[in-house]
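Here's the structure, in structure tokens; my notes come after.
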């Protein structure tokens with residue numbers, strides 16, 4: 038399996054060098070698969086591995102997107118140092134990291150009171166409410182956030198979709214490897230212990246609140262970086278686009294269909310579900326919400342534990 042993954046990643050990395058690949062439909066399709074896979078991994082970390090159902094991923098995605106747009110456009114409080122050099126922030130790793138850090142800090146601030154007091158559905162509703170509050174704050178943020186219109190980044194930087202594709206692929210691989218290493222560490226074992234039985238984990242000396250807040254912040258950090266990547270693609274960041282509930286609902290669905298609590302499930306789910314959504318949008322544009330909804334219902338009925346666990350079950354039956 039490891040060698041197969043390496044070959045697939047290498048093939049995807051070399052794809053942009055094929056003649057006409059950059060202008061083909063599948064090139065932008067793969068970029069969005071990478072973007073949604075990153076968001077799905079973000080949700081999987083806190084919900085699949087941590088057992089905390091969060092409905093606020095879109096808030097952290099939007100915070101990362103706005104952080105990048107504000108820095109890149111020079112629209113920040115102490116004035117612009119780079120007005121004459123708009124390309125300086127184009128895929129600047131420091132800017133992308135700051136997008137993730139801002140989202141992570143927000144997650145810690147909101148996570149401490151929510152995770153210490155709320156559990157289950159109440160925590161989920163609390164994070165959903167937080168997302169809507171953040172959206173309203175940015176709509177009413179005045180010149181700093183651009184209000185309801187948002188912020189326009191310098192689109193003159195765009196030349197080709199190649200950097201978006203490579204950065205998206207790199208972030209997808211890096212996120213998967215980071216989560217793999219994390220779940221093999223002592224913290225990962227503690228996180229799974231909290232998910233499986235919080236009272237037993239606490240009785241065994243695990244600081245359950247610390248573990249849950251750290252997972253929530255890590256999830257937000259990943260979502261913030263995804264939002265930063267989206268800013269480099271869209272150039273216009275507005276409340277209705279980056280705080281849209283689709284940035285929470287679609288990754289959630291993709292993770293569930295692929296397999297929660299698995300490493301490759303969110304990636305596989307992003308590929309399959311985005312293909313279904315996009316195909317429905319192209320073939321039957323008037324009915325694509327119906328087709329997409331029907332696909333989700335069928336997946337929940339026949340794949341309640343996700344495609345990854347279905348494959349594992351089939352292998353166990355074959356070996357038996």
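Residue numbers (this note's numbering): 38 to 357. Note that the Cβ used here is the ideal one computed from N, Cα and C, for glycine as well. Computed from a prediction, not measured in an experiment: that's the story for all the values here.
- Query: In this structure, what does DSSP give as the bridge partners for residue 188?
  - Reply: Against the chain shown, residue 188 aligns to sequence position 151. Answer is 274.
- Message: Check for me: the alpha helix (DSSP H) holding residue 78 runs from which residue to which?
- Response: Indexing the chain shown from 1 puts residue 78 at position 41. Taken as a continuous stretch (DSSP letters only), the alpha helix (DSSP H) holding residue 78 covers 62-80.
- How many Å lie between residue 293 and residue 189 at the Cα? As a first step, residue 293 is located in the chain shown; it is residue number 256 there, counting from the start. As a first step, residue 189 is located in the chain shown; it is residue number 152 there, counting from the start. If I take the Cα positions, the gap works out to 34 Å.
- Let me know if residue 81 comes out buried or exposed under the rule of 16 or more other beta-carbons within 10 Å of its beta-carbon. Working through the chain shown from its first residue, we reach residue 81 at position 44. Around the beta carbon of residue 81, 16 or more other beta carbons sit within 10 angstroms, so the residue counts as buried.
- Neighbourhood of residue 182 by C-beta distance below 6 Å, restricted to the same chain and skipping five residues each side: Here residue 182 is taken as the residue at index 145 of the chain shown, counted from 1. The beta carbon of residue 182 sits closer than 6 Å to those of 175, all from its chain and outside the five residues before and after it, given in chain order.
- Item | Nearest to residue 319 (by Cα), restricted to the options 62, 43, 46, 41 | Start at 1 with the first residue of the chain shown, and residue 319 comes out as number 282. Among 62, 43, 46, 41, the Cα nearest to that of residue 319 is on 62.
- Using CA coordinates, which residue listed in 186, 285, 146, 239 is at the minimum distance from residue 74? Translated into the one-based positions of the chain shown, residue 74 becomes position 37. Ranking the options by Cα distance to residue 74, first place goes to 285.
- Who are the near neighbours of residue 167 in its chain, counting only those whose CB is closer than 7 Å to its CB and skipping five residues on each side? For this step, residue 167 is matched to residue 130 along the chain shown. These residues qualify, in order along the chain: 93, 96, 147.
- Message: Distance check for residue 171 and residue 179, CA to CA, integer angstroms please.
- Response: The count along the chain shown starts at 1 and reaches residue 179 at position 142. The count along the chain shown starts at 1 and reaches residue 171 at position 134. So the alpha carbons of these two residues sit roughly 14 Å apart.
- Message: Once the 5 residues before and after residue 46 are set aside, which same chain residues still bring their CB inside 8 Å of it?
- Response: Within the chain shown, residue 46 is the residue found at index 9, counting from 1. For residue 46, where only same-chain residues beyond five positions count, the Cβ hits under 8 Å are 206, 210.
- So what's residue 319 in DSSP terms, helix, strand or just coil? Position 282 of the chain shown, counted from the start, is the residue given in the question as residue 319. Annotated three-state conformation of residue 319 is helix, per DSSP.
- In angstroms, rounded to a whole number, what distance separates the CA positions of residue 218 and residue 261? Here the question's residue 218 lines up with position 181 in the chain shown. Here the question's residue 261 lines up with position 224 in the chain shown. The straight-line gap from Cα to Cα measures roughly 20 Å.
- Message: Check for me: the alpha helix (DSSP H) holding residue 86 runs from which residue to which?
- Response: Sequence index remark: in the chain shown, residue 86 carries index 49 (1-based). For residue 86, there is no enclosing alpha helix (DSSP H), as DSSP gives it neither H nor E.
- Query: At a Cβ threshold of 8 Å, is residue 84 touching chain C?
  - Reply: Absence of chain C from the displayed structure is noted, only one protein chain being present.
- Message: Can you confirm whether the stretch 299-310 touches the stretch 258-278 when touching is taken to mean that 3 or more C-beta pairs between the two stretches lie within less than 8 Å?
- Response: Pairwise C-beta distances place the stretch 258-278 out of contact with the stretch 299-310, as fewer than three of them are shorter than 8 Å.
- Starting from the C-beta of residue 185, find all residues in its chain whose C-beta is less than 6 Å away, skip the five residues before and the five after it, and write them out in chain order. Locating residue 185 in the chain shown gives position 148, where the first residue counts as 1. So the qualifying residues of the chain are 176.
- Query: Can at least three beta-carbon pairs, one atom from the stretch 132-147 and one from the stretch 249-256, be found at a separation below 8 Å?
  - Reply: In short, these stretches touch, since the Cβ pair count reaches three.
- Message: Please classify residue 339 as buried or exposed, where buried requires at least 16 neighbouring CB atoms within 10 angstroms.
- Response: Locating residue 339 in the chain shown gives position 302, counting from the first residue. Answer is exposed; the Cβ neighbour count stays below 16.
- Task: Please state whether DSSP places residue 127 in a helix, a strand or coil.
- Result: By 1-based counting over the chain shown, the position of residue 127 is 90. Looking at residue 127 - three-state DSSP - the assignment turns out to be coil, as it is neither helix nor strand.
- Distance, residue 107 Cα to residue 56 Cα: Along the chain shown, read from residue 1 onward, the residue named residue 56 stands at position 19. Along the chain shown, read from residue 1 onward, the residue named residue 107 stands at position 70. Each residue's alpha carbon lies about 36 Å from the other.
- Candidates 127, 278, 336, 270: which alpha carbon is nearest residue 72's? For the purposes of this step, residue 72 is taken as the residue at position 35 of the chain shown. Nearest to residue 72 by C-alpha distance, out of 127, 278, 336, 270, is 270.
- residue 276 to residue 187 span [Cα, whole Å]: Locating residue 276 in the chain shown gives position 239, counting from the first residue. Locating residue 187 in the chain shown gives position 150, counting from the first residue. Straight-line Cα distance between these residues: approximately 7 Å.
- Item | Cβ-based neighbour list, residue 70, same chain, cut-off 7 Å, excluding 5 preceding and 5 following | One-based indexing of the chain shown puts residue 70 at position 33. Contacts found: 307, 308, 311.
- Query: To the nearest angstrom, how far is it from the Cα of residue 149 to the Cα of residue 283?
  - Reply: Within the chain shown, numbered from 1, the residue matching residue 149 stands at position 112. Within the chain shown, numbered from 1, the residue matching residue 283 stands at position 246. The alpha-carbon atoms of residue 149 and residue 283 are separated by roughly 25 Å.
- Query: Candidates 268, 245, 156: which alpha carbon is nearest residue 201's?
  - Reply: Position 164 of the chain shown, counting from 1, holds the residue named residue 201. For the set 268, 245, 156, the Cα lying nearest the Cα of residue 201 is the one of 268.
- Task: Can you tell me which of 88, 281, 288, 298 puts its alpha carbon nearest to the alpha carbon of residue 333?
- Result: Against the chain shown, residue 333 aligns to sequence position 296. Relative to residue 333, the option among 88, 281, 288, 298 whose CA is nearest is 288.
- Message: For a test of the three-state rule: what should DSSP assign to residue 298, helix, strand or coil?
- Response: Counting from one through the chain shown, the residue named residue 298 turns up at place 261. Three-state result, residue 298: coil.
- Of all the options 299, 194, 66, which has the alpha carbon lying nearest to the alpha carbon of residue 313? Within the chain shown, numbered from 1, the residue matching residue 313 stands at position 276. That would be 66, whose Cα lies nearest to the Cα of residue 313.
- Item | Beta-carbon gap between residue 152 and residue 52 smaller than 8 Å | If you number the chain shown from 1, residue 152 lands on position 115. If you number the chain shown from 1, residue 52 lands on position 15. In terms of Cβ geometry, residue 152 and residue 52 do not form a close pair [threshold 8 Å].
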